[in-house]
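Asks: So that we are looking at the same thing, I have put the structure below in structure tokens.
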Amino acid sequence: MSSKNVPRRTLHLTHSPMFSPRVHSMDPLDRAMLSYEKAKAIALSYDMSIDDLLNLSPKFWQLHNDPITVMDFGTTTLLSIQYNLCAGTIARYIERRPELIPLVEDLLKYRKHGQFMMTELGHGLDIGNIETTATLTSTGEFILNSPTPSSAKFMPPTVPAGQPCVAVVFAKLIVNGEDRGHRPFIVALNDGKQMCTGVQCKQLPPRGGPNPVPHSLTTFRNVRLPRGSLLGALEKPADIHANLMSIIERITIGTIALSCLALPFTQAYATIGTLYSLRRQIGSPTQRTPILQFRTQQAPILAAAANAFVMQAMQNWSIKNFCDRRLDGRVRHGIAAIFKSVMVQHSQQGALGVSERCGAQGLFAHNQMTTLHAEMRGIAIAEGDVLGLAVRLVNELLLGRYEMPKPKNPDSLLARHEAGMFAELRDVLKSAPGHRSEEVNRLVLPYCQPMMEAIGHRMAYDAAVEQGVRPALIDLYVANVMKLDAAWYVEFAGLGRAAQQAMETRAMDAVLPMLGELVKEMDVFAYINAPLVSDERWAAFVDDMKTHEGNGRVDLFNLPRRPVAIQPEMVRSHL
Numbered sequence: 223m224s225s226k227n228v229p230r231r232t233l234h235l236t237h238s239p240m241f242s243p244r245v246h247s248m249d250p251l252d253r254a255m256l257s258y259e260k261a262k263a264i265a266l267s268y269d270m271s272i273d274d275l276l277n278l279s280p281k282f283w284q285l286h287n288d289p290i291t292v293m294d295f296g297t298t299t300l301l302s303i304q305y306n307l308c309a310g311t312i313a314r315y316i317e318r319r320p321e322l323i324p325l326v327e328d329l330l331k332y333r334k335h336g337q338f339m340m341t342e343l344g345h346g347l348d349i350g351n352i353e354t355t356a357t358l359t360s361t362g363e364f365i366l367n368s369p370t371p372s373s374a375k376f377m378p379p380t381v382p383a384g385q386p387c388v389a390v391v392f393a394k395l396i397v398n399g400e401d402r403g404h405r406p407f408i409v410a411l412n413d414g415k416q417m418c419t420g421v422q423c424k425q426l427p428p429r430g431g432p433n434p435v436p437h438s439l440t441t442f443r444n445v446r447l448p449r450g451s452l453l454g455a456l457e458k459p460a461d462i463h464a465n466l467m468s469i470i471e472r473i474t475i476g477t478i479a480l481s482c483l484a485l486p487f488t489q490a491y492a493t494i495g496t497l498y499s500l501r502r503q504i505g506s507p508t509q510r511t512p513i514l515q516f517r518t519q520q521a522p523i524l525a526a527a528a529n530a531f532v533m534q535a536m537q538n539w540s541i542k543n544f545c546d547r548r549l550d551g552r553v554r555h556g557i558a559a560i561f562k563s564v565m566v567q568h569s570q571q572g573a574l575g576v577s578e579r580c581g582a583q584g585l586f587a588h589n590q591m592t593t594l595h596a597e598m599r600g601i602a603i604a605e606g607d608v609l610g611l612a613v614r615l616v617n618e619l620l621l622g623r624y625e626m627p628k629p630k631n632p633d634s635l636l637a638r639h640e641a642g643m644f645a646e647l648r649d650v651l652k653s654a655p656g657h658r659s660e661e662v663n664r665l666v667l668p669y670c671q672p673m674m675e676a677i678g679h680r681m682a683y684d685a686a687v688e689q690g691v692r693p694a695l696i697d698l699y700v701a702n703v704m705k706l707d708a709a710w711y712v713e714f715a716g717l718g719r720a721a722q723q724a725m726e727t728r729a730m731d732a733v734l735p736m737l738g739e740l741v742k743e744m745d746v747f748a749y750i751n752a753p754l755v756s757d758e759r760w761a762a763f764v765d766d767m768k769t770h771e772g773n774g775r776v777d778l779f780n781l782p783r784r785p786v787a788i789q790p791e792m793v794r795s796h797l
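If you want it as structure tokens, here you go:
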């Protein structure tokens with residue numbers, strides 16, 4: 223987890239003029255355009271190659287785990303779309319299409335902006351029914367169209383941003399009137415200043431909370447595409463669904479890659495909470511005491527710190543197994559989905575717990591925590607909504623179509639919890655008339671996400687034990703997780719409320735003395751720009767604030783009064 227093990231390729235950027243200005247008073251679009259410049263600087267720091275994209279090198283994963291994301295997540299949104307989704311999809315075809323190499327190189331060097339356009343306004347996760355069409359003409363060209371308002375591509379930021387922008391656009395391939403399934407097409411969107419002919423971009427209002435990105439609704443009207451814009455074959459695939467799953471492979475990679483960002487987020491929460499709680503003191507001028515002495519203040523900070531170290535272990539395990547092509551592809555997809563659910567869950571817990579303990583100051587975007595919480599809400603939906611992933615995965619596991627890796631510690635509390643939940647849902651499915659029945663809808667679907675999270679908690683525990691995470695941190699992690707389903711541990715593990723509370727107390731007592739060491743090992747302070755962490759930063763922040771002063775005077779006892787006409791009804795109501 224320390225910088226000794228993972229080089230901080232972006233450390234030199236943290237104090238650069240590009241990252242230093244106070245951005246919260248900027249116009250949202252100006253701030254979004256600045257994020258493009260920051261994304262380019264980060265990209266050039268990594269010097270990513272085509273091999274890095276195709277082979278998912280350590281450098282690829284480091285990019286998606288870089289703490290600089292806590293300074294401006296908008297940069298990561300742009301980078302992940304450009305590198306993983308856009309360039310990564312095109313790079314899959316360069317073995318047969320070497321003429322595409324210069325385009326991928328332009329995207330990697332940020333000479334062009336890249337977008338990825340699959341999701342449509344009216345279809346969301348229902349990607350099999352997206353409506354955009356690309357029709358082959360007699361001249362060998364394609365005509366790209368958005369046939370209905372619901373077919374508008376939703377969210378990718380296509381607003382001109384100073385450099386030419388291309389996109390991978392998913393559309394139904396129509397040949398001689400036949401629907402041959404979906405294909406990716408390379409489409410020029412704008413030249414950096416204006417949209418290309420037939421491409422319309424409507425800029426959406428800011429999401430509210432996250433760093434601004436110019437998300438858009440994009441539609442196509444008779445856009446002519448050359449034959450070479452098609453990625454893939456003209457022939458109709460034998461299995462249209464399997465073909466669709468293949469051509470959107472980079473989304474599954476994004477499921478796990480974007481979820482890695484929950485780790486630096488959680489490390490940031492623990493660091494900010496610790497520093498603020500040491501700085502903030504109470505008591506008389508002669509007897510000042512840091513609020514970190516109180517267990518109510520310690521609890522969410524210690525939980526975030528313990529979770530961060532266990533999350534790091536789970537991340538190592540998940541990436542290793544996800545990249546193992548010998549595993550069944552469905553299992554690899556399952557690992558990505560499970561990893562995402564747990565990372566999102568723990569990051570959101572950390573954000574709420576720690577920011578609340580920073581009082582009113584925790585509500586402000588300049589102290590980072592609320593912004594990161596809002597960003598994680600987006601990650602929970604991007605590259606596969608957590609709930610949607612859970613419904614699909616858990617149903618397939620219950621039907622026995624495949625299995626996830628077995629527990630390495632089957633007698634652990636978290637493994638027993640996973641097995642117990644799974645048995646309950648399996649019994650419901652066995653008694654139901656079918657896996658699409660109303661009984662399953664009511665009694666299984668609502669518990670798919672908790673089931674998937676339970677699998678993830680067990681996997682995280684096993685990974686932490688295997689990788690030698692400090693036992694006290696693992697114990698506190700288990701105590702944190704048990705609170706998510708405390709009743710089950712009362713019913714089936716014989717651990718009453720007092721016993722569970724005692725486990726948590728012992729774990730926190732053991733972790734508290736090492737908190738300073740843990741924050742140092744997390745090594746994200748250079749990326750923390752929240753002014754509430756020190757007196758010096760707060761003073762500099764106040765000095766930089768817009769100030770209103772003047773010499774005006776208001777006579778409080780001689781204010782002009784507006785006469786009020788008294789109506790009889792007003793008097794009668796008081797008699």
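Residue numbering for the sequence shown follows our numbering, beginning at 223 and increasing consecutively. In this text, a Cβ means the ideal position worked out from N, Cα and C, and glycines have one as well.
1) At the level of alpha carbons, what is the spacing between alanine 389 and methionine 681?
2) Taking only runs of the alpha helix (DSSP H) that begin and end inside the stretch 433 to 504, which ones reach a length of at least 4 residues, in chain order?
3) Give me the residue from Ala694, Ile323, Pro753 and Met377 with the minimum Cα distance to threonine 727.
4) Looking at the unbroken beta strand (DSSP E) that takes in aspartate 401, where does it start and where does it end?
5) Helix, strand or coil for alanine 263, going by three-state DSSP, please let me know.
6) Alpha carbon to alpha carbon, how far is glycine 718 from histidine 246? Give it in angstroms, no decimals.
7) Which residues bound the beta strand (DSSP E) around methionine 681?
8) Whole angstroms are fine: how far does the CA of leucine 235 sit from the CA of glycine 610?
9) Return the chain-ordered list of same chain residues with a C-beta closer than 8 Å to the C-beta of lysine 226, the five sequence neighbours on each side being excluded.
10) Please classify asparagine 529: does DSSP put it in a helix, a strand, or coil?
11) Give the list of continuous alpha helix (DSSP H) stretches no shorter than 4 residues that lie fully inside the stretch 296 to 326.
12) Out of curiosity, what's the CA-to-CA distance linking leucine 330 and glutamine 284?
13) Determine the closest residue to glycine 572 out of Cys670, Asn702, Ile349 and Pro672, with distance taken between C-alpha atoms.
14) With respect to the alpha helix (DSSP H) encompassing valine 608, which residues constitute its N-terminal and C-terminal limits?
15) Skipping 5 residues on each side, what residues in its chain have a beta carbon closer than 6 Å to that of tyrosine 332?
16) Among the residues of its own chain, which have a CB less than 7 Å from the CB of leucine 500, if the five just before and after it don't count?
17) If you draw a straight line from the C-alpha of isoleucine 290 to the C-alpha of leucine 483, how long is it?
18) Cβ of lysine 375 within 8 Å of Cβ of threonine 440?
19) Taking methionine 725 as part of the alpha helix (DSSP H), name the residues at either end of that continuous run.
20) Provide the residue(s) that pair with lysine 375 in DSSP beta bridges, ordered along the chain.
21) Roughly how many whole angstroms lie between the Cα atoms of asparagine 433 and glutamate 321?
22) DSSP three-state label for phenylalanine 364, please.
23) For the beta strand (DSSP E) holding glutamine 422, just list the boundary residues, first then last.
24) Pair every Cβ in the stretch 646 to 655 with every Cβ in the stretch 484 to 494, then say whether three or more of these pairs are closer than 8 Å.
25) Going by the CB atoms, is the gap between alanine 715 and arginine 638 shorter than 8 Å?
26) I'd like the span of the alpha helix (DSSP H) that includes valine 741, first residue to last.
27) From the DSSP output, which residues share a beta bridge with leucine 358?
28) Out of Thr341, Lys742 and Ala676, state which residue places its alpha-carbon closest to the alpha-carbon of tryptophan 710.
29) What is the rounded straight-line gap between the Cα of threonine 232 and the Cα of tyrosine 624?
30) Which two residues bound the contiguous beta strand (DSSP E) that contains valine 564?
31) Between the Cα of proline 229 and the Cα atoms of Arg244, Met248 and Ser267, which residue gives the shortest distance?
32) Between the Cα of phenylalanine 338 and the Cα atoms of Arg318, Thr380 and Pro371, which residue gives the shortest distance?
33) Please return the same chain residues whose Cβ sits closer than 8 Å to the Cβ of methionine 248, not counting the five positions on each side in sequence.
34) Go to valine 381, then tell me how far its beta strand (DSSP E) extends in each direction, as first and last residue.
35) Terminal residues of the continuous alpha helix (DSSP H) containing serine 653?
36) Does the pairing of the stretch 759 to 770 with the stretch 554 to 565 give three or more beta-carbon distances under 8 Å?
Replies: Working from what's here:
1) Inter-residue distance for alanine 389 and methionine 681 is about 37 Å (C-alpha atoms, whole angstroms).
2) Complete alpha helix (DSSP H) runs here, min 4: 462 to 469, 471 to 481 and 484 to 501.
3) Per the Cα distances, Ala694.
4) Looking at the DSSP string, the run of the beta strand (DSSP E) that includes aspartate 401 is 400 to 412.
5) In the structure shown, alanine 263 sits in a helix (DSSP, three-state: H, G or I).
6) Cα-Cα distance, rounded: 48 Å.
7) For methionine 681, no beta strand (DSSP E) run applies; the uninterrupted alpha helix (DSSP H) run containing it begins and ends at 670 to 688, by DSSP.
8) Cα-Cα distance, rounded: 37 Å.
9) Confidence in lysine 226 is poor, its pLDDT being 47 and thus under 50, which makes the residue's placement unreliable; the coordinate value appears in the next sentence. So no residue of the chain qualifies.
10) Helix, per DSSP.
11) Runs found: 310 to 313.
12) It is roughly 16 Å from the alpha-carbon of leucine 330 to the alpha-carbon of glutamine 284.
13) Each of Cys670, Asn702, Ile349 and Pro672 was checked against the Cα of glycine 572, and the nearest Cα belongs to Asn702.
14) Segment 608 to 620, the alpha helix (DSSP H) holding valine 608.
15) Lys262 and Ala265, listed in sequence order.
16) Closer than 7 Å at the Cβ level, and outside the excluded window around leucine 500, lie Pro512 and Leu514.
17) In this structure, the straight-line span from the alpha carbon of isoleucine 290 to that of leucine 483 is close to 10 Å.
18) Yes, the Cβ-Cβ distance between lysine 375 and threonine 440 is below 8 Å.
19) Element bounds for methionine 725: 719 to 733.
20) As a beta-bridge residue in DSSP terms, lysine 375 pairs with Glu342 and Thr440.
21) Approximately 36 Å between the Cα atoms of the pair.
22) Here phenylalanine 364 sits in strand by DSSP.
23) Glutamine 422 -> beta strand (DSSP E) spans 421 to 425.
24) Proximity of the stretch 646 to 655 to the stretch 484 to 494 falls short of the contact definition, fewer than three beta-carbon pairs being nearer than 8 Å.
25) Judged by beta-carbon spacing, alanine 715 lies within the 8 Å limit of arginine 638, meaning their Cβ atoms are closer than that value.
26) Note, valine 741: alpha helix (DSSP H), 737 to 744.
27) Assignment of beta-bridge partners to leucine 358 by DSSP yields Phe364.
28) Cα-wise, what sits closest to tryptophan 710 is Ala676.
29) Distance between the alpha carbons of threonine 232 and tyrosine 624 is about 41 Å.
30) Run containing valine 564: none in the beta strand (DSSP E); it sits in the alpha helix (DSSP H), 551 to 578.
31) It is Ser267 whose Cα lies nearest to the Cα of proline 229.
32) The shortest Cα separation from phenylalanine 338 among Arg318, Thr380 and Pro371 belongs to Thr380.
33) For methionine 248, where only same-chain residues beyond five positions count, the Cβ hits under 8 Å are Leu256.
34) Element bounds for valine 381: n/a, residue is neither H nor E.
35) Start and end: 635 to 653.
36) Short answer: they don't touch.
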